[in-house]
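2 protein chains.
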Amino acid sequence: MSVKPLKFVKLRHAHHQETAQDYVEMIQDLLKEEGEARVTEIAKRFGVSAVTTHKIILRLQKEKLVDSKPYRALFLTPKGKKMAIQSKKRHNVVYRFLKKLGVPEKTAQIDAEGIEHHVSPKTLRIFQKFMEQG
Amino acid sequence: MSVKPLKFVKLRHAHHQETAQDYVEMIQDLLKEEGEARVTEIAKRFGVSAVTTHKIILRLQKEKLVDSKPYRALFLTPKGKKMAIQSKKRHNVVYRFLKKLGVPEKTAQIDAEGIEHHVSPKTLRIFQKFMEQG
DNA sequence: GTCTTGATTTAGCCAAGGCTAAATTGATAC
DNA sequence: GTATCAATTTAGCCTTGGCTAAATCAAGAC
């Protein structure tokens, strides 16, 4: 058997993107639902402290995904918006795919949250086709 | 819309288990394939340094999943063996499920590696049923 | 028995994502 | 205009999982 680090290397890279994707998605949801996105509300929804959220937001600002002034609400940059839209789309495909398969609502929600970041474009297309036909 | 930290909290807990599961699976594979499991070979297969692997092994020893004496090969405790067997089983179900769906070999391998840790027992049973019938 | 060599371990660094406590600020009430 | 209060930020700590360089050890060569 040959040695295959590739899949594990990819896995580590995926992990590094997960937080960013979850956060931009959340910010987009809040902008839509509440009209604005604030650190405290994000923290509450993720179940972490506001400090943790704040630090992650700082990183996302450095990565030009999030835009904001000190002590003010958060916005997405065009880059952040694009990521949010793509993430949400992928999330929905995974979630609907699981439900179509017969996974109960709540379980589908929880599992989709974990699975979505590890579904490659190829697999996603297959999930989508399955939903449309199956 | 209500606030739901639960799914994200579960996600963080899942992450904390991932490394342990990947490592006990790998150790089991090496014991079977090579007769013994050594730090260097594990590191090579995961694509990380031997030092990183060593530190993770130390943690797994503290958690009573791995057993070994300094400078010697690694073994699984009964607890570690049990985890390895369950992980491998779940991994195989996810992998075969993806292939059954039509995902190509290599993609199925990569995606399964990321997805497996986020598939709940309920969803896993549905995957399994789909394979047996579908 | 000693030497060499490759494997393992230790030391010490970094980033990410957790936390609490304390300081700062914005906005609202008065 | 000032005081208050909640939200935000800073400071400082922890763990995990990365790394390189250096020290230690086991095992085979001689």
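These protein sequence lines are chains R and Y, in that order.
Under the working numbering, the first residue of the first sequence carries the number 27, and numbering increases by one thereafter.
Under the working numbering, the first residue of the second sequence carries the number 27, and numbering increases by one thereafter.
A virtual CB, placed ideally from N, CA and C, is assigned to each residue, including glycine.
Note down, in chain order, every chain Y residue with its Cβ under 9 Å from the Cβ of residue i.
{"i": "alanine 40 of chain R", "result": "Gly140"}
So which residues on chain R does residue i lean against when the C-beta distance must stay under 9 Å?
{"i": "lysine 148 of chain Y", "result": "Val129, Pro130, Thr133 and Asp137"}
{"i": "proline 31 of chain Y", "result": "Lys70, Arg71, Phe72, Gly73 and Val74"}
Closest by CA to residue i, which one among the options?
{"i": "lysine 107 of chain Y", "options": "Y:Leu57, Y:Ala40, Y:Arg38 and Y:Pro31", "result": "Y:Leu57"}
{"i": "arginine 85 of chain Y", "options": "Y:His144, Y:Lys30 and Y:Gln47", "result": "Y:Gln47"}
{"i": "lysine 30 of chain Y", "options": "R:Ala69, R:Leu127, R:Thr103 and R:Lys90", "result": "R:Ala69"}
{"i": "valine 129 of chain R", "options": "Y:Phe156, Y:Glu44, Y:Lys148 and Y:Tyr97", "result": "Y:Lys148"}
{"i": "valine 35 of chain Y", "options": "R:Asp137, R:Ala110, R:Leu91 and R:Arg122", "result": "R:Asp137"}
Which stretch, first to last residue, makes up the alpha helix (DSSP H) that contains residue i?
{"i": "glutamate 131 of chain Y", "result": "131-141"}
{"i": "tyrosine 49 of chain Y", "result": "32-60"}
{"i": "proline 96 of chain Y", "result": "Taken as a continuous stretch (DSSP letters only), proline 96 of chain Y belongs to no alpha helix (DSSP H), as it is neither H nor E."}
{"i": "histidine 144 of chain R", "result": "From DSSP, histidine 144 of chain R is part of no alpha helix (DSSP H); its letter is neither H nor E."}
{"i": "alanine 69 of chain Y", "result": "65-72"}
{"i": "glutamine 87 of chain R", "result": "76-88"}
{"i": "glutamine 112 of chain Y", "result": "104-127"}
Anything in chain Y within Cβ reach of residue i, meaning under 7 Å, just list it in chain order.
{"i": "leucine 37 of chain R", "result": "Glu139 and Gly140"}
{"i": "isoleucine 152 of chain R", "result": "Leu127, Gly128 and Val129"}
Residues of chain Y with a CB under 8 Å from the CB of residue i: which are they?
{"i": "isoleucine 82 of chain R", "result": "Simply none; closest approach about 13 Å."}
Distance, Cα to Cα, residue i vs residue j?
{"i": "glutamate 62 of chain Y", "j": "phenylalanine 72 of chain Y", "result": "16 Å"}
{"i": "aspartate 55 of chain Y", "j": "valine 119 of chain Y", "result": "17 Å"}
{"i": "aspartate 93 of chain Y", "j": "leucine 100 of chain Y", "result": "6 Å"}
{"i": "lysine 81 of chain Y", "j": "proline 104 of chain Y", "result": "21 Å"}
{"i": "threonine 66 of chain R", "j": "leucine 150 of chain Y", "result": "35 Å"}
{"i": "histidine 41 of chain R", "j": "tyrosine 49 of chain R", "result": "13 Å"}
{"i": "arginine 64 of chain R", "j": "arginine 98 of chain R", "result": "8 Å"}
{"i": "phenylalanine 156 of chain R", "j": "glycine 160 of chain Y", "result": "12 Å"}
{"i": "alanine 76 of chain R", "j": "glutamate 131 of chain Y", "result": "43 Å"}
Kindly list, in the order they appear in chain R, the residues whose Cβ is closer than 7 Å to that of residue i.
{"i": "leucine 124 of chain Y", "result": "Thr149"}
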